[in-house]
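Worksheet: one structure, shown below.
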Amino acid sequence: MPILGVDLAASQRRATGLCLLHEDMRCKTWLVHLDEEILQAVTEHRPTLAAVDAPLSLPSMSGVSHFRACDLELRRRGFRILPVTLGPMRMLTERGIRMRGEMERHGVEVIEVFPGATQDILGLPRKGRDLRMLVKGLRRMGLRCLNNLATGDEADAATCALTGLLYLKGYADQVGEPSEGVIVIPKRGVIDTYWLGTSLRRRSLR
195 MPILGVDLAA
205 SQRRATGLCL
215 LHEDMRCKTW
225 LVHLDEEILQ
235 AVTEHRPTLA
245 AVDAPLSLPS
255 MSGVSHFRAC
265 DLELRRRGFR
275 ILPVTLGPMR
285 MLTERGIRMR
295 GEMERHGVEV
305 IEVFPGATQD
315 ILGLPRKGRD
325 LRMLVKGLRR
335 MGLRCLNNLA
345 TGDEADAATC
355 ALTGLLYLKG
365 YADQVGEPSE
375 GVIVIPKRGV
385 IDTYWLGTSL
395 RRRSLR
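If you want it as structure tokens, here you go:
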């Protein structure tokens, strides 16, 4: 079954990017706005996993700290993480928690991902720096049918789905405390251990 990547917007007035990624790396990206449209994608395509770019939990010491252990660990590793309970991030967190519950009620496993961290680890530019090269890099990593004119939201959704695939194949780490919430990111060296290995396997079949 496919993986659904979700680049969730804080408000239903703004576009949310979706990506449906199959194990053979075929993918489809599109934009939606409403919660109902996201759930329609879940019911229509029945993904085995949803990888969501949004905080899916609150800090265990809510009201005392604006960061979870997973946020602090990614900040320690050099990734810029915003406080999940302040300003627009609080709206995104509330929507993320709500959508996680809805998708889990449909029998879908839901994980939290951070496409910016995935892109940094994989050596890809972020959408704000060079969207065209980000899309090109995702295609080079095997994603098929990704439109060269994909929006930044769609490219991030595709990155979310790719992170989900690496998670399912055992090439990702879960950062944070499970009791509070974890963020899934690719393992360091995944280029060598996964993509190089895949390339060599393909070559051996020729």
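Here this note's numbering runs 194 ahead of the position in the sequence shown, where the first position is 1.
We put the CB at the ideal spot given by N, CA and C, even for glycine.
All of these numbers come straight from a predicted model, not from anything done at the bench.
Next on the checklist: For a quick check, are the C-beta atoms of Pro282 and Ala351 less than 8 Å apart?
Outcome noted: Cβ distance not < 8 Å, so Pro282 and Ala351 don't count as in contact.
Next on the checklist: If you reduce the DSSP assignment to three classes, tell me which class Pro380 lands in.
Outcome noted: Reduced to three states, the DSSP call for Pro380 is strand.
Checklist entry - How is Asp218 classed by DSSP in three states: helix, strand or coil? => result Coil at Asp218, not helix or strand.
Checklist entry - Does the beta-carbon of Met293 have 16 or more other beta-carbons within 10 angstroms, so that it is buried, or is it exposed? => result Counting Cβ neighbours within 10 Å, Met293 comes out buried, since at least 16 surround it.
Checklist entry - By DSSP, does Val329 sit in helix, in strand, or in coil? => result Val329 carries a helical assignment under DSSP once its states are collapsed to helix, strand and coil.
Item to check | Assigned secondary structure, Thr223 (DSSP; H/G/I helix, E/B strand, else coil) | outcome: Correct three-state label for Thr223: strand.
Checklist entry - Counting along the chain, where does the beta strand (DSSP E) carrying Glu374 start and finish? => result From DSSP, Glu374 is part of no beta strand (DSSP E); its letter is neither H nor E.
Item to check | Backbone CA spacing between Val378 and Val307 [nearest angstrom] | outcome: Their backbone Cα atoms lie some 5 Å apart in a straight line.
Checklist entry - Under 8 Å, do Ala245 and Thr357 count as touching if we go by C-beta distance? => result Their beta carbons are under 8 Å apart, which means Ala245 touches Thr357 by this criterion.
Checklist entry - Out of curiosity, what's the CA-to-CA distance linking Ile197 and Leu286? => result Approximately 21 Å, taken between the alpha carbons.
Item to check | Entirely enclosed alpha helix (DSSP H) segments - the region 239–309, minimum 4 residues | outcome: Runs of the alpha helix (DSSP H) inside the region 239–309: 263–270, 281–299.
Checklist entry - How would you write the range of the beta strand (DSSP E) that Asp350 sits in, first residue to last? => result Where Asp350 is concerned, there is no enclosing beta strand (DSSP E), although the alpha helix (DSSP H) it sits in stretches over 346–362.
Item to check | Residue nearest to Val278 in terms of C-alpha spacing, selected from Gly272, Ile291, Arg270 | outcome: If you compare the alpha carbons of Gly272, Ile291, Arg270 with that of Val278, the shortest gap goes to Ile291.
Item to check | Inter-residue Cα distance where the pair is Leu318 and Glu296 | outcome: Their Cα atoms are separated by approximately 32 Å.
Checklist entry - Alpha carbon to alpha carbon, how far is Ala209 from Leu228? => result Rounded to whole angstroms, the separation of the alpha carbons of Leu228 and Ala209 is 9 Å.
Next on the checklist: Helix, strand or coil, according to DSSP, for Ala311 in the structure here?
Outcome noted: Of the three classes helix, strand and coil, the one that applies to Ala311 here is helix, per DSSP.
Next on the checklist: DSSP three-state label for Gly370, please.
Outcome noted: Looking at Gly370 - three-state DSSP - the assignment turns out to be strand.
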